[in-house]
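In what follows, a structure is listed as structure tokens, so that the remarks can point back to it.
Numbering (this note's numbering), first residue to last: 456 to 551.
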């Protein structure tokens, strides 16, 4: 599974989690990334954690040259202590 920070900055008033997902998916497609991507955002009816899935308990990686592991699985991603900062864009560019 892959995770990235968008290369563009967006206003927090994007309207809905659906709009946030569209922004995230569009950023991934523009960078020629395949798959389904969701924004890690919450709403009044759903938490960010509940919106992501990992049914096979796979690790999460960045889009860096050598894929750096961020977390071992969803529980690890959400436990407050990830292995690597999420500091790489959908294009694989490091953000300081």
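Cβ coordinates follow ideal geometry from the N, Cα and C atoms, glycine included.
Tell me, please, which residues DSSP counts as bridged to residue i.
| i | result |
| --- | --- |
| residue 458 | According to DSSP, which records beta bridges pairwise, residue 458 is partnered with nothing at all. |
| residue 543 | 549 |
| residue 516 | 457, 524 |
Counting along the chain, where does the alpha helix (DSSP H) carrying residue i start and finish?
| i | result |
| --- | --- |
| residue 464 | Note, residue 464: premise wrong, no alpha helix (DSSP H); not H, not E. |
| residue 533 | 529–533 |
| residue 480 | 472–485 |
| residue 506 | 503–506 |
Which residue marks the beginning of the beta strand (DSSP E) containing residue i, and which one marks its end?
| i | result |
| --- | --- |
| residue 526 | 524–526 |
Report buried or exposed for residue i, applying the criterion of at least 16 other Cβ atoms within 10 angstroms of its Cβ.
| i | result |
| --- | --- |
| residue 526 | buried |
| residue 464 | exposed |
Quick check on this structure: which residue in the options has the alpha carbon closest to the alpha carbon of residue i?
| i | options | result |
| --- | --- | --- |
| residue 491 | 456, 542, 514, 539 | 456 |
| residue 512 | 529, 520, 487 | 529 |
Cβ of residue i less than 8 Å from any chain C Cβ?
| i | result |
| --- | --- |
| residue 550 | Structure shown: chain C not included; a single protein chain is present. |
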